[in-house]
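K.L.:
In order, the protein sequence lines correspond to chains A and B. In terms of the working numbering, the first sequence opens at residue 111 and continues consecutively. In terms of the working numbering, the second sequence opens at residue 630 and continues consecutively.
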Amino acid sequence: MQALEDIRILDLGRYLAGPLCTWILADTGAEVIKIESCSNPDPLRMEAREIYPGGEPGERPWNRSGMINERHRSKYGITLDLTASQGKELFLGLVKISDVVVENFQAQVMDKLGLSYEVLKGVNPSIILVSLSSQGLTGPEKNYRSFGPTLEEIGGLLSITGYPGEPPYISTLAFPDMLAGMLGPGLVVAALRYSRKTGKGLHIDLSQRELTTCVIGENIMDYVMNQRVCAAMGNRHPYLSPYGCYQCKGDDNWVTIAVSSDEQWKILCELIGNPELAEDSRFSDVLSRHNHQDELNRLIEEWTRTQDHYDIQLKLQKAGIAAGAVLNTQELFSDLHLKEREFFDLVEHSEAGTHYYLGRPFKLSETPGRTRRPAPCLGEHNAYIYGKVLGLSPEKIAELEKQGVIGTIPT
Amino acid sequence: MGIDKETYLVEAEVRRLEPLLSGIKVIDLTHYIAGPYCTKLMAALGAEVIKIERPGEGDGTRKMGPFPDDRPDPERSGLFLYLNTNKRSVTLNLKTSTGIRILKDVVREADVLVENFMPRVMPSLGLDQKTLEEINPRLVMTSISNFGQTGPYSDYKANEVTVFALGGLMELLGDEGREPLKFGGSPGQYMAGLAAFSGSMVALHHAEKTRIGQHVDISIMECLLSCHFQDMIEYSYTGRLLPRLRRMLVMPCKDGFVAATVLQRQWPRLPKLVGMPELLEDPRFKTMESRRMHADELEAYILPWIIERTKEEIYHAAQAAGLSFGYIATSEDLLKAPQYRARDFFVDIDHPVAGKLTYPGIPFKIDNLSCDQSRAPLLGEHNLEIFCGRLNYSKEDLVRLRANGVI
């Protein structure tokens, strides 16, 4: 039995937050129906950033986009046009027989589509709507345009990220989206507990920006308590040293080392072949090491530059010191720990071929998550969902195809 | 008009008294950040969370700052107070047989147990999942560790920088040819807390249906990896290794820094905003590619407008003009942010030792259900309530247990 097999979820998510949330739910057994339209398919089908199998777009590139096929595994896929009245009607028909709708549109989109929570509730009083927007659905900035980097900035994460003494560092990682996607499944299931008990649905309004601020809690508290604004400290630690990232042999290989006791410090000095360092007054205790961390880091790097990063990790970990190589993608795919944990999934996709995909964020012992089916091609499950699940006749389905309300090819 | 008073009152009551996780009992053996953030969320949604702390010093986070005036005090740690709202605290020494017996007693009635020790610890205490399952077959046991319960790294030591490196996020951040960067603070730990929350809820859903519990195994490394939705698939599909993600343009302004993601369709609005319409005709800036190539020159044109305005001025003016600008917000900025004020994101909570403080609240709203925020507990504050009130120990027993170092 699968953990969430009694749950049906309609997935309007795009890009990262919504899709990550619903992927986790689908992986653990929920029936997730990804909804997109032929006139406006999921943007990552069309802007695949050249991520095709072997770099080849093929005849139907929208079904071979790696970014789609990664995050929409285990889901069913249908097309319908939410902006058309027939499409809306079909959607509401699905809402009637579903438990949850997940979306991460900009704040006013659902309302503009005529699909506000009130409308959904009118059709199904126990429907749960999960909205994972940038700044929430209320407030003066709710309609502000934000992408991942913007949220990292205005959520506070980047004020403490960067090389010491330099301007803040901003990347295109979209960490806030990842946070929201990771929290979403828990909220969905908790909300379902309530709606199944009471028959009443819920609208969950999550702000990715607020969630980002939640993860810098100690910095907020430092300001509240001491009016202190924390500066970026690169890879350093507020009180531990040595702590940081050190260059190793080769081109762009690095290892992280974190020493958290005097004993570990002594052992490290032995391992780097410099036991006298342990007696050096500059480094003899935790305070002095921290005060001299620049010199200390330089000395350690003299050693690490002559070593392989994986070797350092193994050697230091064997001696009880926290060391971790900065692994690149290739190294991660062949990492022995991840292999033994069976982290990666090998999945065959009808149009993209067979490849390795990411594993899941948690392992369940009784009802393990797994890739239940490859990511859907555009409109792949129209016949199944409209026919079997919604109960439309084959003639009706053919008519909808003819009218362009549903289909399998972007227009 | 159509809703009679009685129905309305009953409805109001149901919405107030039935938060999402009411009736759920959580035994919380966690410490530091990941575990406590997971159980903080559970408590916020109405679960009863009993935090079990070591007698004497309690959760190690009590020793970590920030402290008011930098004066350490186990009841004034800003991090502890923030992470442990809505929980009860009892002290229990799990290295004593009485301590183990008491734990097993409370596990009997619990729905979820969350712990984040090194993987060998719970089995070494005789509290492995199989043993707990025999006591309570429907128990969800959530274990958070750096690398998971199994595998060659499971005994590895780690700090935030270690899991960031092995979780594959570090290779993406920072400048090319230079030391890669981790995010400031400990966001990896919080991410694991979110994964633990979601995993626990999924298992709980199953357990409430079937009366069968299970083990939820969270590896911080894996939960960081599992959200890598571009670089991993790029390698898997094409063999290409993504270089460090490109650093985006950050510009100094009057009181800090701003940055923007300017999409092609938004670009025409920028020259207008900064009062330099002639930039629109400049061939150096026509496409995203060309703007990137001539980034320094573009910045030189825009900077005069930026430098004489504040973060908030630029942010609001640019957004009003349809540009996705942001500013580097500090803690000071966030506490004043109009959007946060409008949504009542920060909450004021009083505490008998630490006093009234402002905390980041819960990052979501659920209809008009209240997500009550009550203060973090004092160490062992609920010993009497739990040990005497629920487990039938007498007050004299507690004195003896205290003398024996059990509580």
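All C-beta atoms in this analysis are idealised placements derived from N, C-alpha and C, irrespective of residue type, glycine included.
According to DSSP, simplified to helix, strand and coil, what is M751 of chain B?
P.N.:
Here M751 of chain B sits in helix by DSSP.
K.L.:
Would you list, in chain order, the members of the region 322-338 of chain A that have their beta-carbon closer than 7 Å to a beta-carbon of chain B?
P.N.:
Those residues of the region 322-338 of chain A that come within reach of chain B (Cβ to Cβ, closer than 7 Å) are T323, C324, V325, I326, G327, E328, N329, I330, M331, D332, Y333, V334, M335, N336.
K.L.:
Among B:T725, B:G687, B:V887, B:L871, which residue has its Cα nearest to the Cα of L658 of chain B?
P.N.:
Answer by Cα proximity: B:G687.
K.L.:
Tell me the rounded alpha-carbon separation between G128 of chain A and S244 of chain A.
P.N.:
So the alpha carbons of these two residues sit roughly 12 Å apart.
K.L.:
For the region 424-444 of chain A, which residues have a CB atom closer than 8 Å to at least one CB atom of chain B, in sequence order?
P.N.:
Of all residues in the region 424-444 of chain A, Q427, G430, I431, A432, A433, G434, A435, V436, L437, N438, T439, Q440, L442, F443 have a Cβ within less than 8 Å of some Cβ in chain B.
K.L.:
Short of 8 Å Cβ to Cβ, which residues in the region 461-490 of chain A face chain B?
P.N.:
Answer set for the region 461-490 of chain A: A462, H465, Y466, Y467, L468, G469, R470, P471, F472, K473, L474, S475, E476, T477.
K.L.:
Specify, as a first and last residue, the run of the alpha helix (DSSP H) that Q948 of chain B falls within.
P.N.:
Where Q948 of chain B is concerned, the enclosing alpha helix (DSSP H) stretches over 940-949.
K.L.:
Just to confirm my understanding: we take G469 of chain A, look at its own chain, exclude 5 residues before and 5 after, and list those with CB closer than 7 Å. What are they?
P.N.:
Same-chain partners within the cutoff: F453, F454, D455.
K.L.:
List the DSSP bridge partners of D657 of chain B.
P.N.:
BP columns for D657 of chain B point to B:K680, B:V743.
K.L.:
Could you name the residues of the same chain whose beta carbon sits closer than 7 Å to that of Q427 of chain A, not counting the 5 residues immediately before and after it, in chain order?
P.N.:
Closer than 7 Å at Cβ, skipping near neighbours: A433.
K.L.:
Pull up the distance between the alpha-carbon of T322 of chain A and that of L223 of chain A, whole angstroms please.
P.N.:
If I take the Cα positions, the gap works out to 28 Å.
K.L.:
For the region 818-834 of chain B, enumerate the residues whose C-beta is nearer than 8 Å to any C-beta of chain A, in chain order.
P.N.:
Answer set for the region 818-834 of chain B: Y819, M820, L823, A824, A825, F826, S827, G828, S829, M830, V831, A832, L833, H834.
K.L.:
Counting only beta-carbon separations shorter than 9 Å, does I516 of chain A have a partner in chain B?
P.N.:
No, because no Cβ of chain B sits closer than 9 Å to the Cβ of I516 of chain A.
K.L.:
Going straight from the alpha carbon of N1033 of chain B to that of T720 of chain B, what length do you get?
P.N.:
Distance between the alpha carbons of N1033 of chain B and T720 of chain B: 13 Å.
K.L.:
Can you give me the Cβ contacts of M630 of chain B inside the same chain, cut-off strictly under 7 Å, excluding the 5 residues immediately before and after it?
P.N.:
A caution first: M630 of chain B carries a pLDDT of 46, below 50, which makes its placement in the model unreliable, though a value can still be read off. Correct list: empty, nothing qualifies.
K.L.:
Mind checking the region 958-978 of chain B against chain A and listing, in chain order, the residues whose C-beta falls within less than 9 Å of any C-beta there?
P.N.:
Result list: A958, T959, S960, E961, D962, L963, L964, A966, P967, Q968, Y969, R970, A971, R972, F974, F975.
K.L.:
Only counting the same chain, and skipping five residues up and downstream in sequence, which positions put a Cβ closer than 6 Å to that of M799 of chain B?
P.N.:
So the qualifying residues of the chain are F793, P809, K811.
K.L.:
To the nearest angstrom, how far is the alpha carbon of I632 of chain B from that of H857 of chain B?
P.N.:
Here the model assigns I632 of chain B a pLDDT of 48, short of 50, so the residue's position is not dependable, and the following value carries that caveat. Spanning the two alpha carbons is a distance of roughly 50 Å.
K.L.:
So if DSSP puts M220 of chain A in a beta bridge, which residue, or which two residues, is it bridged to?
P.N.:
In DSSP, M220 of chain A forms no bridge with anything.
K.L.:
Under 7 Å between beta-carbons, which chain A residues line up against P989 of chain B? List them in chain order, please.
P.N.:
In chain order: T323, C324, G327, I330.
K.L.:
Grab me the residues of N401 of chain A's own chain with a C-beta within less than 6 Å of its C-beta, minus the 5 sequence neighbours each way, in chain order.
P.N.:
If we look at N401 of chain A and ignore the five residues flanking it on each side, it has no Cβ neighbours.
K.L.:
Would you kindly work out how many angstroms separate the C-alpha atoms of H313 of chain A and C148 of chain A, rounded to a whole number?
P.N.:
Taking the straight line from one Cα to the other gives about 28 Å.
K.L.:
Output the distance between the C-alpha atoms of L130 of chain A and D372 of chain A, rounded to the nearest integer angstrom.
P.N.:
If you take the alpha carbons of L130 of chain A and D372 of chain A, they lie about 42 Å apart.
K.L.:
So, at 8 Å on beta carbons, what are the nonlocal neighbours of F393 of chain A in its own chain, with the 5 sequence-adjacent residues on each side left out?
P.N.:
Within the same chain, F393 of chain A has close Cβ partners W375, L387, R399, H402, L406.
K.L.:
For G249 of chain A and A341 of chain A, I'd like the C-alpha separation in whole angstroms.
P.N.:
Their backbone Cα atoms lie some 29 Å apart in a straight line.
K.L.:
Kindly list the residues whose CB is nearer than 8 Å to the CB of S1003 of chain B, restricted to its own chain and excluding five residues on each side of it in sequence; keep chain order.
P.N.:
So the list reads T714, N715, I978, once near-sequence residues are dropped.
K.L.:
Output, in sequence order along the chain, the residues in the region 280-291 of chain A whose CB is closer than 8 Å to any CB in chain B.
P.N.:
Those residues of the region 280-291 of chain A that come within reach of chain B (Cβ to Cβ, closer than 8 Å) are I280, S281, T282, L283, F285, M288, L289, G291.
K.L.:
Starting from the Cα of F257 of chain A, find the closest Cα among A:L239, A:F215, A:P278, A:L297 and give me that residue.
P.N.:
Comparing Cα-Cα distances from F257 of chain A to each of A:L239, A:F215, A:P278, A:L297, the minimum goes to A:F215.
K.L.:
Using a beta-carbon distance cut-off of less than 9 Å, what residues from the region 840-858 of chain B approach chain A?
P.N.:
Listed in sequence order: I841, G842, Q843, H844, V845, D846, I847, S848, M850, E851, C852, L853, L854, S855, C856, H857, F858.
K.L.:
My assumption, with CB atoms under 8 Å, is that A673 of chain B sits in contact with I653 of chain B. Please give the rounded CB distance.
P.N.:
Contact flag wrong, Cβ pair sits at about 12 Å.
K.L.:
For the region 725-743 of chain B against the region 434-443 of chain A, are there 3 or more C-beta pairs whose distance is under 8 Å?
P.N.:
With the cut-off at 8 Å, the region 725-743 of chain B and the region 434-443 of chain A do not touch.
K.L.:
Going along the region 136-164 of chain A in order, which residues come within less than 8 Å of chain B, judged by CB to CB distance?
P.N.:
Taking 8 Å as the Cβ-Cβ cut-off against chain B, the residues of the region 136-164 of chain A that qualify are T138, R159, E160, I161, Y162, P163, G164.
K.L.:
Taking the alpha carbon of P992 of chain B as the point to measure from, which residue in A:D315, A:M220, A:I280, A:G232 has its own alpha carbon closest?
P.N.:
Comparing Cα positions, the closest option is A:D315.
K.L.:
D121 of chain A lies in the beta strand (DSSP E); which residues open and close that run?
P.N.:
Per DSSP, D121 of chain A belongs to the beta strand (DSSP E) from 118-121.
K.L.:
Exposed or buried, what is Q440 of chain A when buried is set at 16 or more other beta-carbons lying within 10 Å of its beta-carbon?
P.N.:
Exposed, since its Cβ has fewer than 16 Cβ neighbours within 10 Å.
K.L.:
Counting only beta-carbon separations shorter than 9 Å, does Q758 of chain B have a partner in chain A?
P.N.:
By this cut-off, Q758 of chain B is an interface position.
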